[in-house]
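**Student:**
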Amino acid sequence: MKDSKNIYQFLNQVDFNIEDYNCEELNNIEKKRLKKTFKKNIRNKTSLKEFGIAAAILILTVGILLRTPFGRYVYAAAESKIQEISYSIGRIFNIERDIKPYINMINEIKKDKGIEVKLSEVIVDNDRLVFNTILNTTEPVEGVSFENVDLFINGKKIPNKLGISQKTGFVDDTKTLFYSLCSYGINRIDQMEDIEIKLVLRDLRYYIGELKDTEGVKSGKWEFEFTANGKELVLKTKSLPIDYTFTIDNQVYSLEELEYNPLRQTIKGKREVIGEYEYPLRIELQGYDNLNNRIIFFIDSSSPEGVVFEYQKNYGFLREWSDEITSITLTPFAMDYPEGKQIGKEFTIFLNK
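Using the numbering used here, the first residue of the sequence shown is number 6, and each one after it goes up by one.
Next comes the structure, spelled out in structure tokens:
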């Protein structure tokens, strides 16, 4: 580059209209690749003239990159309504204790068909991936949910055998901003290792009208790639074997394990149907702990893979799971019957301390 004026003259003649570009943030993986590429091209000695020329080329290169899939930088992030909005997993779960050590912060925004989706936080548990998103529908609706959620771990698609649950709600009174909490069941994975995750959210179902009696689907695709782990959570997770069985009608429930950590407390087991298939009943494991606090495990999921009961603060009289608990005493009730029907004997689980 003997005549450096040529590059500046060229840049002065280039007309960029930044509104013409579809811009998105670099995900964590792409940021690492870009950083590595720049490091390879750094020179120990650079003249002022060479630096000016290099800077001009860099500006031009960034402008070109913005047109490509690799150059996904969201220059519009500052203008996005959801960039600074947060709605934490702990808040949605109504958890008062600090769970930040167990959260992988992502905060990436993708936009398709006029709808913005920000992937905020991710938690890697041994049997599920929990993530929350903030959505901007731009037009008022009464409710939303994703039609399809695809999960890939280390390049392998994870089949949806253990179920997906979604919980959504308003962020404010505009009816255009929503939070969505999703729990995707997975087989046990190594939480101590960083895993490569691709999350693909497709098609947004929306509801209109006070009774949510009108609905539609906005086709779209919001794809995120990132790395995450569950190192801190696995260190706080404990499990205890259980051997307890109860029967209701032609269904046999076998409880096999209590697993608990600061984020979640579950009782896992199996459900066997003798004879014709029947939908699982609404069963609760009710009781108290050694501190005389009420305890209720609600049925969270039931499939051929197993049954999961989860402790949830669904009622005002239920308190947060205490670190001081040394035992819990429970009795199964079928809540499909008036006032609930006891369907098994009382049993006690002693926690390791």
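By construction, the Cβ of each residue, glycine as well, lies at the ideal position given by its N, Cα and C atoms.
For G119, which residues in the same chain have their Cβ closer than 7 Å to its Cβ, ignoring the five residues on either side in sequence?
**Tutor:** For this step, residue 119 is matched to residue 114 along the sequence shown. Within the same chain, G119 has close Cβ partners T143.
**Student:** Should G235 be labelled buried (16 or more other beta-carbon atoms within 10 Å of its own) or exposed?
**Tutor:** Mapped onto the sequence shown, residue 235 falls at position 230. That one is buried.
**Student:** Is the CB-CB distance between T138 and Y184 below 9 Å?
**Tutor:** Against the sequence shown, residue 138 aligns to sequence position 133. Against the sequence shown, residue 184 aligns to sequence position 179. With contacts defined by Cβ atoms closer than 9 Å, T138 and Y184 form a contacting pair.
**Student:** Just the C-alpha distance for F322 and N99, rounded to the nearest angstrom, thanks.
**Tutor:** Working through the sequence shown from its first residue, we reach residue 322 at position 317. Working through the sequence shown from its first residue, we reach residue 99 at position 94. Between F322 and N99, the alpha-carbon positions lie close to 13 Å from each other.
**Student:** Going by DSSP, which residues form a beta bridge with F98?
**Tutor:** The residue given as residue 98 occupies position 93 in the sequence shown. The partner list for F98 (beta bridge, DSSP) is empty, contrary to what the question assumes.
**Student:** With DSSP as the reference, please indicate the residues paired to D117 in a beta bridge.
**Tutor:** The count along the sequence shown starts at 1 and reaches residue 117 at position 112. Assignment of beta-bridge partners to D117 by DSSP yields I120.
**Student:** Determine the direct distance from the alpha carbon of W326 to that of I359, and round the result to whole angstroms.
**Tutor:** Outside the modelled stretch of the chain, which goes from 6 to 358, sits residue 359, for which no answer is possible.
**Student:** In chain order, what residues of the same chain lie with their CB nearer than 7 Å to the CB of T368, ignoring the 5 residues before and after it?
**Tutor:** What is shown of the chain runs 6 to 358, which leaves residue 368 out entirely.
**Student:** Report, in whole angstroms, the separation of the C-beta atoms of Y92 and V149, which I expect to be a contact under 8 Å.
**Tutor:** As a working mapping, residue 92 is identified with position 87 in the sequence shown. As a working mapping, residue 149 is identified with position 144 in the sequence shown. The pair is not a contact, with the Cβ atoms about 14 Å apart (cut-off 8 Å).
**Student:** List the residues that DSSP assigns as beta-bridge partners of N109.
**Tutor:** The count along the sequence shown starts at 1 and reaches residue 109 at position 104. N109 is bridged by DSSP to V127.
**Student:** If I follow the unbroken alpha helix (DSSP H) through V176, where does it start and stop?
**Tutor:** Looking up residue 176 in the sequence shown gives position 171. It is not in any alpha helix (DSSP H) - V176 carries neither H nor E in the DSSP assignment.
**Student:** Which residues does DSSP list as the beta-bridge partners of G321?
**Tutor:** Counting from one through the sequence shown, the residue named residue 321 turns up at place 316. BP columns for G321 are empty, so no partner.
**Student:** So the alpha helix (DSSP H) L238 belongs to, where does it begin and stop?
**Tutor:** Along the sequence shown, one-based indexing puts residue 238 at 233. First-last of the alpha helix (DSSP H) with L238: K236 to L240.
**Student:** Closer than 8 Å by C-beta to L209: which residues in its own chain qualify, once you throw out the five before and the five after it? Chain order, please.
**Tutor:** Numbered from its first residue, the sequence shown carries residue 209 at position 204. Exclusion of the five residues before and after L209 leaves I120, L140, T142, V149, S150, F151, E152, V222, K223 and G225 as the residues of its chain whose Cβ lies within less than 8 Å of its Cβ.
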